[in-house]
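A.B. asks:
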Amino acid sequence: MYFCHVLSENRIEKLKTIGFPFESDFRGKKIINEDEVIEKSKKPQRNTWEQNYLRLLDYKIKYGNCNVPKTFEEKSLSYFVTRQRHNFKTQNLTEEQIKKLELLGFEWEVTRQPNTISWELRFNSLNDFFKKHGHSHYKKTDGDETLYHWVLLQRMDFKKGKLNEEKITRLNTLKFIWDAKSLAFSGRPDEERWSLMYEKLKQFKSENGHCLVPQLYSEDKSFGRWVNDQRNNKKKGRLSEEREKLLQELDFIWDTKKYEWNQKLKLLSEFHNEFGHFEVKQSDKGFGGLYYWLFKIRKEGTTPERRKKLEDIGYEFIEYKPENWFEMFSKFAKHKETTGGFEFEEESEIKKWYQHQRF
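In the numbering used here, the protein residues as written are -2 to 356.
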């Protein structure tokens, strides 16, 4: 009643004579007068406003405008900008504050299209990348997947004619690559990296005698991936003639599976020349992997082209129909019973069958 001005002056005076605590509630806590609240709200919070103004000035210097998006990392600055527009509309800004904001080119009314602010942020991120690396060909492996997809979207919008001239001009200042496929033929913008990797491959060839760098090369995984990328780029028609020629000079292996198969064939031929037969054992030293390679061919077969290559070095494919197996087994058992062992005449049918079973 006291604060609501309902209590008469006479009664107030009487209560004061007995020490009535008008400034406290029934719990003894001080009551804040409504007039005090209004008075406090009128007091300008100069320090807070000035601090936010200086932060806005920094934003203006860095991004070229005062349109701080809601997604900005310093959300309080975004709220400050929103409040200034609201206070301007409701005439709650001082002339001094209005003048200061207009000095920064502050926009009282924002009529931007949706996602424009987001576009600005992504552009600024790509600009930072460009300053650091000298190109704007942002890849998924560069870390920021959101920025990578944004770059793809710019190319897509450009092809569809949805990108305005202003954005095209700004992206061109970053040497933006509109057609990523053209990189394989122009050699840009990865020319420097490609050259470094090529020199590394030359060194590898010098030390190892070949260019078969494992894809998961323990010493440098990025090097292993780069070598594999050259094969994929050639397969897809994305490798320039110049680069292909340089790699050919190092006897670069384009089809590793074909190369490895031919190496095994060469090793089998050497085995035959040394021992006079093709019955490779697991324990044969110096012919590692040959036993399992041959076992797989006998079990699963191979292509007509590869079969001919094996026959050309004297290898004979032995094929037995299921119904003939028991017939051969019977002959084999009789031979063992007669001779007491596993000695056979050279090139005999039973010997070939016996050796075939061992695989």
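The beta carbon of each residue, even a glycine, is placed where N, CA and C say it ideally should be. Keep in mind that this is a model prediction, so the values were computed, not measured.
Looking at the unbroken alpha helix (DSSP H) that takes in Thr253, where does it start and where does it end?
C.D. replies: From DSSP, the alpha helix (DSSP H) with Thr253 extends over Thr253 to Phe272.
A.B. asks: Taking Thr299 as the reference, give the member of Trp258, Leu100, Leu74 and Thr336 with the closest Cα.
C.D. replies: Considering only alpha carbons, the answer is Trp258.
A.B. asks: With respect to the alpha helix (DSSP H) encompassing Tyr195, which residues constitute its N-terminal and C-terminal limits?
C.D. replies: Residues Glu188 to Asn205.
A.B. asks: For Gln48, name the three-state secondary structure that DSSP assigns.
C.D. replies: Looking at Gln48 - three-state DSSP - the assignment turns out to be helix.
A.B. asks: Measure the beta-carbon distance from Leu144 to Arg119 and round it to whole angstroms, keeping in mind my assumption that it falls under 8 Å.
C.D. replies: The Cβ separation is near 6 Å, so the contact holds.
A.B. asks: Indicate whether the contact test is met: 3 or more Cβ pairs, each with one atom in the segment 78 to 92 and one in the segment 128 to 146, closer than 8 Å.
C.D. replies: Short answer: they don't touch.
A.B. asks: Can you check whether the CB of Glu99 is closer than 8 Å to the CB of Asn64?
C.D. replies: Against a cut-off of 8 Å, the Cβ pair of Glu99 and Asn64 comes out as no contact.
A.B. asks: Could you tell me the distance, in whole angstroms, from the CA atom of Gln260 to the CA atom of Ser266?
C.D. replies: Whole-angstrom Cα-Cα distance: 10 Å.
A.B. asks: Report the CB separation of Tyr195 from Leu243 in whole angstroms; it is logged as a contact under 8 Å.
C.D. replies: Indeed, because the Cβ distance is near 6 Å, the residues count as touching under 8 Å.
A.B. asks: Apart from the five residues on each side of it in sequence, which residues of its chain come closer than 6 Å, Cβ to Cβ, to Glu6?
C.D. replies: Result list for Glu6: empty, nothing under 6 Å.
A.B. asks: CA-CA distance, Lys96 and Phe220?
C.D. replies: Going from the Cα of Lys96 to the Cα of Phe220 covers about 58 Å.
A.B. asks: List the endpoints of the continuous alpha helix (DSSP H) containing Tyr288.
C.D. replies: Leu287 to Glu297 is the span of the alpha helix (DSSP H), which, as asked, contains Tyr288.
A.B. asks: Ile250: which of Pro211, Asp141, Ser192 and Leu54 sits nearest, CA to CA?
C.D. replies: Nearest of Pro211, Asp141, Ser192 and Leu54 to Ile250, Cα basis: Pro211.
A.B. asks: So with Cβ pairs under 8 Å, would you call Trp116 a contact of chain C?
C.D. replies: No chain C is present in this structure, which holds just one protein chain.
A.B. asks: Can you have a look at Gln151 and say buried or exposed, based on whether 16 or more other CB atoms are within 10 angstroms of its CB?
C.D. replies: It is buried - the Cβ of Gln151 has at least 16 other Cβ atoms within 10 Å.
A.B. asks: Is Ile174 helix, strand or coil when you go by DSSP?
C.D. replies: Coil.
A.B. asks: Between Thr423 and Gln88, what straight-line distance do the alpha-carbon atoms span, to the nearest angstrom?
C.D. replies: The shown model of the chain, from -2 to 356, leaves out residue 423, and the question about it has no answer.
A.B. asks: On the premise that Phe268 lies in contact with Phe292, defined as a C-beta separation below 8 Å, what is that separation, rounded to the nearest angstrom?
C.D. replies: Not a contact, Cβ separation roughly 14 Å.
A.B. asks: If you reduce the DSSP assignment to three classes, tell me which class Tyr145 lands in.
C.D. replies: Reduced to three states, the DSSP call for Tyr145 is helix.
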